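**Student:** Chains as they are written, first to last, in this note's numbering: chain A, 19 to 224; chain B, 83 to 264.
1. Examine chain A for any beta-carbon lying closer than 8 Å to the beta-carbon of residue 221 (chain B), and answer yes or no.
2. Counting pairs of beta carbons, one from the region 83-91 of chain A and one from the region 49-69 of chain A, are three or more of them closer than 8 Å?
3. To the nearest whole angstrom, what separates the beta carbons of residue 185 (chain B) and residue 211 (chain B), a pair I think is in contact under 8 Å?
4. Compare the Cα-Cα distances from residue 208 (chain B) to each of B:220, B:245, B:257, B:153 and report the closest residue.
5. How would you list, in chain order, the residues of chain A whose beta-carbon sits under 7 Å from the beta-carbon of residue 186 (chain B)?
6. Can you give the Cα-Cα distance for residue 235 (chain B) and residue 168 (chain A), rounded to whole angstroms?
7. Should residue 261 (chain B) be labelled buried (16 or more other beta-carbon atoms within 10 Å of its own) or exposed?
8. Just list the residues that DSSP pairs residue 168 (chain A) with in beta bridges.
9. With respect to the alpha helix (DSSP H) encompassing residue 235 (chain B), which residues constitute its N-terminal and C-terminal limits?
10. Does the Cβ of residue 221 (chain A) have 16 or more other Cβ atoms within 10 Å, making it buried, or fewer, making it exposed?
11. Please work out which residues of its chain come closer than 6 Å, Cβ to Cβ, to residue 115 (chain A), disregarding the five sequence neighbours upstream and downstream, and give them in chain order.
12. At which residues does the beta strand (DSSP E) containing residue 200 (chain B) begin and terminate?
13. Using the Cα positions of residue 257 (chain B) and residue 170 (chain B), report the straight-line distance between them to the nearest angstrom.
14. Measuring straight from C-alpha to C-alpha, what distance separates residue 126 (chain A) and residue 240 (chain B)?
15. DSSP state of residue 213 (chain A), grouped into three classes?
16. Between A:180, A:76, A:208, A:134, which lies nearest to residue 160 (chain A) when the distance is taken from Cα to Cα?
17. Which residues in chain B have a C-beta closer than 9 Å to the C-beta of residue 181 (chain A)? List them in chain order.
18. Going along the chain, which residues of its own chain have a beta-carbon closer than 7 Å to the beta-carbon of residue 138 (chain B), five neighbours each way excluded?
19. Of the choices A:69, A:186, A:124, A:212, whose alpha-carbon is the least far from that of residue 198 (chain A)?
20. Let me check one thing: in DSSP terms, what residues is residue 260 (chain B) bridge-paired to?
21. Using only alpha-carbon positions, find the residue among B:192, B:223, B:182, B:252 that is nearest to residue 206 (chain B).
22. How long is the line joining the alpha carbons of residue 214 (chain A) and residue 107 (chain A), rounded to whole angstroms?
23. Can you check which of these residues, B:127, B:125, B:136, B:128, is closest to residue 223 (chain B) by C-alpha distance?
24. Can you give the beta carbon distance from residue 152 (chain A) to residue 60 (chain A), rounded, assuming they're within the 8 Å contact cut?
25. Between which two residues does the alpha helix (DSSP H) harbouring residue 166 (chain B) extend?
26. Locate the beta strand (DSSP E) running through residue 153 (chain B), then write down its first and last residues.
27. Which residues share a DSSP beta bridge with residue 242 (chain B)?
28. List the DSSP bridge partners of residue 231 (chain B).
29. What are the residues of the region 180-206 of chain B that lie near chain A, defined by any Cβ-Cβ distance shorter than 8 Å?
30. At a Cβ threshold of 8 Å, is residue 143 (chain A) touching chain B?
31. Name, going along the chain, the residues of the region 137-161 of chain A whose beta-carbon falls closer than 7 Å to a beta-carbon of chain B.
32. Would DSSP call residue 66 (chain A) helix, strand or coil?
33. Start and end of the beta strand (DSSP E) containing residue 211 (chain B)?
34. Quick one: Cα of residue 131 (chain A) to Cα of residue 81 (chain A), how far?
35. Might you give, ordered along the chain, the residues of its own chain that have their beta carbon closer than 7 Å to the beta carbon of residue 192 (chain B), omitting 5 neighbours on each side?
36. Quick one: Cα of residue 149 (chain B) to Cα of residue 173 (chain A), how far?
In structure tokens, the structure reads:
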């Protein structure tokens with residue numbers, strides 16, 4: 019009996035402490051350029067679980083934090099589809115992750131994600147970060163937020179963080195395609211010149 | 083039997099006519115609403131800047147405390163905290179504090195959404211619109227640490243400044259302002 023009480027109190031302390039740690043984890047302390055990204059296991063809209071390690075024959079990933087409800091994310095949807103169409107066959111598939119708390123943003127819930135992916139014809143997985151445990155590791159703060167990873171012997175190394183390009187309003191008026199430039203450099207075995215860019219986005223709802 | 087069909091047919095026709103009338107009325111009312119709305123927003127002045135034009139609002143040297151809040155009508159947490167900024171502007175006016183609300187709404191929605199919003203919420207603080215698509219060039223100029231999510235707020239007085247990529251409660255805002263006042 020005593021043992022049980024002890025166990026329960028220890029467990030309670032552990033739970034409290036870990037809850038506190040999670041609350042305090044500052045998203046801006048996520049991955050930096052050159053860090054190895056941990057693998058994750060998240061549910062796709064088709065019900066299957068997806069991990070980076072499932073992808074055997076890729077050179078890297080275009081991890082895209084996005085959602086249904088942010089107007090900036092919506093403005094970039096077609097460009098995210100284009101990225102996947104252009105680069106999945108070259109070894110850099112898009113993996114989209116929806117990071118918002120769906121109690122705060124019901125328009126981003128699993129059903130809504132399915133519907134959006136279907137109507138837009140997403141050609142890539144659209145995963146839900148249900149426990150909201152993956153986006154803080156990346157240090158994603160907003161949607162859309164892109165992380166390009168290169169698969170190496172030591173793991174998936176973060177090579178680029180930021181925006182897709184330099185004009186959210188008009189894809190035809192873009193001067194610099196940040197994400198494409200980064201992937202092209204990696205495909206050519208070169209270093210990425212512009213490793214980080216900033217763009218306005220909707221804060222991730224936690 | 084034939085009579086029954088006829089009666090049903092007549093009933094159905096009447097039903098439809100009735101419905102149509104209702105729809106017409108509804109359309110007329112909504113037209114009126116749109117019309118009055120439109121008249122109202124004509125009085126809303128909106129200064130629109132690119133970053134080069136906007137920069138002066140971040141660098142005034144007139145001993146005033148400026149609270150520059152980046153927001154948008156589509157950003158729920160921004161809209162939630164707007165009343166606190168309004169209250170701050172009102173309550174601390176006499177203490178040389180000015181709130182400027184910098185809208186990052188999409189330019190094609192200035193007339194349809196932003197202006198009606200300003201009118202409807204009766205915003206008293208100065209509202210300006212920042213329209214500059216080349217965000218990577220200007221976001222770091224506002225603050226190096228800004229990842230680009232909104233709401234975000236700069237509070238400054240001459241060369242003393244603080245940046246916040248977060249939501250505020252009124253109490254938190256007041257606490258920050260008091261640091262600048264002391």
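A virtual CB, placed ideally from N, CA and C, is assigned to each residue, including glycine. Note that the structure is a prediction, hence the values are computed from the model and not measured.
**Tutor:** Put simply:
1. yes
2. no
3. 5 Å
4. B:153
5. 218
6. 35 Å
7. exposed
8. A:78, A:175
9. First-last for residue 235 (chain B): 234-239, but that is the beta strand (DSSP E), not the alpha helix (DSSP H).
10. By the neighbour-count rule (16 or more Cβ atoms within 10 Å), residue 221 (chain A) is buried.
11. 83, 145, 147
12. No beta strand (DSSP E) holds residue 200 (chain B); the alpha helix (DSSP H) holding it covers 197-202.
13. 11 Å
14. 42 Å
15. Residue 213 (chain A): coil per DSSP, three-state reduction.
16. A:180
17. 217, 218, 230
18. none
19. That would be A:212, whose Cα lies nearest to the Cα of residue 198 (chain A).
20. Beta-bridge pairing links residue 260 (chain B) to no other residue.
21. B:182
22. 25 Å
23. B:136
24. Confirmed, Cβ separation roughly 6 Å.
25. 158-173
26. 147-153
27. B:239
28. A:219
29. Within the region 180-206 of chain B, the qualifying residues are 186, 188, 189.
30. no
31. 159, 160
32. coil
33. Its beta strand (DSSP E) spans residues 208-212.
34. Computed Cα separation, rounded: 17 Å.
35. 128, 211
36. Straight-line Cα distance between these residues: approximately 44 Å.
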